[in-house]
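Visitor:
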Amino acid sequence: MYAKMDATLYKSRVEKMHLQASHHEDKIRGAAQGLAMSYELYSLLVFADCASEISRQAFYQTKEGGVQLEPSFTSDYIQGELDYLNQLQRTMEREIYEARLQEEIELRDSAFDQIKELVNDLRKYFAEKFLVLQEKIKKQGEEVKRVCEAAHLHEQQITEQVEDIKRSCDAMQTFVQSLRAKEPSSMDGNDGASEKTVDDMSLDLAEDVLDLDYDDDQEIQKEEPIVEKKNDDERAQIEKRMEELKAELTEKAHVPKRRIFGVTHMRAEEKFMRCAFCNGKGVHYSDCCPHFITVKERASRVRCRLCLDTLHTTENCNRRRKKCFYCQQEDHHTALCDLPEKIQDLNEEYDELEEMLQEMDIPEDDDDKDEPSTSRRYQEHRKPYNEDDDGTDESSTSRRYREHRKPYNEDEDDGDKPS
Numbered sequence: 001m002y003a004k005m006d007a008t009l010y011k012s013r014v015e016k017m018h019l020q021a022s023h024h025e026d027k028i029r030g031a032a033q034g035l036a037m038s039y040e041l042y043s044l045l046v047f048a049d050c051a052s053e054i055s056r057q058a059f060y061q062t063k064e065g066g067v068q069l070e071p072s073f074t075s076d077y078i079q080g081e082l083d084y085l086n087q088l089q090r091t092m093e094r095e096i097y098e099a100r101l102q103e104e105i106e107l108r109d110s111a112f113d114q115i116k117e118l119v120n121d122l123r124k125y126f127a128e129k130f131l132v133l134q135e136k137i138k139k140q141g142e143e144v145k146r147v148c149e150a151a152h153l154h155e156q157q158i159t160e161q162v163e164d165i166k167r168s169c170d171a172m173q174t175f176v177q178s179l180r181a182k183e184p185s186s187m188d189g190n191d192g193a194s195e196k197t198v199d200d201m202s203l204d205l206a207e208d209v210l211d212l213d214y215d216d217d218q219e220i221q222k223e224e225p226i227v228e229k230k231n232d233d234e235r236a237q238i239e240k241r242m243e244e245l246k247a248e249l250t251e252k253a254h255v256p257k258r259r260i261f262g263v264t265h266m267r268a269e270e271k272f273m274r275c276a277f278c279n280g281k282g283v284h285y286s287d288c289c290p291h292f293i294t295v296k297e298r299a300s301r302v303r304c305r306l307c308l309d310t311l312h313t314t315e316n317c318n319r320r321r322k323k324c325f326y327c328q329q330e331d332h333h334t335a336l337c338d339l340p341e342k343i344q345d346l347n348e349e350y351d352e353l354e355e356m357l358q359e360m361d362i363p364e365d366d367d368d369k370d371e372p373s374t375s376r377r378y379q380e381h382r383k384p385y386n387e388d389d390d391g392t393d394e395s396s397t398s399r400r401y402r403e404h405r406k407p408y409n410e411d412e413d414d415g416d417k418p419s
């Protein structure tokens, strides 16, 4: 029936016409009362012999604006005009009612669109998290497969060594038997000694194999306590840091997430508003600007941190201060609040530490010694920061873990202040 968001404008115009019709009705009724009084006055003049009946009839035959002043005609004419105005007013009242219904439908559609947009955002978020989880499961499956293959290969090597030892023993027994067959006379007297010698050699060979296995086990047992103790210390430190992050994130769980969209549903009266950063008109709010996402980039685009103006500084701003939507402080605009970014960094650090903790539970194979292990990666988190380093070999999580004992300060400056 109406174009979107035009019901309000249409209703206001119909209401204006309704008021004008009521005003015309009042004017017609006033004119009718004045005409009736003139009829009564002329009757009094005739009764007082100040006017004749002929003059009164002549007065009735005169016309004003094309309307004859004869009483019966004027009464019918006035009644017809009033009926027309009453019918017009009822029609306009019906139109106003329908316009109000349309307004309610538009408001309901607007709320439905917002809910639909929120549901789509949640679906995208869950889809991203599902992909991340699938990737982690895939990596863990590959690690388990690699460990199983390495164990199978090691088992095959041990089996081959045992087979080699058995073949050596068989070859030695065959050699001894061939010596016995070549020298039967000399071997008859020393038969018991030869059998003892062969048995001793076999026993010595088996003992050598057992000693070799025992020595390997001893070396492994010597290395395992050192590595285990080292991993336990690293695990304790990671778990302690994760507890600190978890407590800090729980404390700030009430802070909403900053929503960045290219196009945001805005109210009709806000279609003229421009984004303070990308200058887009009626597309999105300044806090949702997708072109300048970080607080540092946004702060470099404006001079005033209260109204996002580029002409005056924060000290010269006369705007009434409002509370920030995220941190409830009044010293900056919502679009320049860095609290959502800090919470996002804490979440990323927590996820990376959790991934490191999971990787520590997977044993390392000999084939992976050339690759950086979880322990060595964690040691990089504990390296002191070198100011002369260009930062290319140190991840953001490493720097955050290195500074994890610093207290969180919500009043910390959120970016370079514009000049």
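As numbered in the UniProt record's numbering, residues 1 to 419 make up the sequence shown, in order. For every residue, glycine included, the Cβ atom is placed at its ideal position computed from N, Cα and C. Only a predicted model underlies this, so the values are computations on that prediction, with no experimental measurement involved.
1. Between the beta-carbon of Arg303 and the beta-carbon of His312, is there less than 8 Å?
2. Nearest-angstrom Cα distance between Glu251 and Lys271?
3. Are there 16 or more other CB atoms within 10 angstroms of the CB of Gln33, so buried, or fewer, so exposed?
4. Under a Cβ-count criterion, where at least 16 other Cβ atoms within 10 Å of its own Cβ denotes burial, should Met37 be classed as buried or exposed?
5. In this structure, does DSSP put Glu64 in helix, strand or coil?
6. Under a Cβ-count criterion, where at least 16 other Cβ atoms within 10 Å of its own Cβ denotes burial, should Thr74 be classed as buried or exposed?
7. Is it right to say Lys129 is buried, meaning 16 or more other beta carbons lie within 10 angstroms of its own, or is it exposed?
8. Can you tell me where the alpha helix (DSSP H) holding Gln329 begins and where it ends?
9. On the DSSP letters alone, give me the boundaries of the alpha helix (DSSP H) that Lys342 sits inside.
10. Considering only C-alpha positions, which residue in the set Lys323, Cys324, Asp309 is nearest to Cys317?
11. Along the chain, which unbroken stretches of the alpha helix (DSSP H) at least 4 residues long are found entirely within the stretch 40 to 88?
12. Which same chain residues, not among the five before or five after Ala99, have their C-beta less than 8 Å away from its C-beta?
13. Who are Arg274's beta bridge partners in DSSP?
14. Taking the beta carbon of Gln87 as the centre, do at least 16 other beta carbons fall within 10 Å, making it buried, or is it exposed?
15. Whole angstroms is fine: what's the gap from Glu355's alpha carbon to Arg267's?
16. In three-state DSSP terms, what is Asn231?
Guide: The short version:
1. The answer is yes: Cβ separation under 8 Å.
2. 37 Å
3. exposed
4. exposed
5. strand
6. buried
7. exposed
8. In the DSSP annotation of this structure, Gln329 is not part of any alpha helix (DSSP H), being labelled neither H nor E.
9. 339 to 360
10. Asp309
11. 53 to 61
12. Counting only Cβ-Cβ distances below 8 Å, and skipping sequence neighbours, we find Tyr2, Ala7, Thr8, Tyr10, Lys11, Val14.
13. Lys281
14. exposed
15. 44 Å
16. helix
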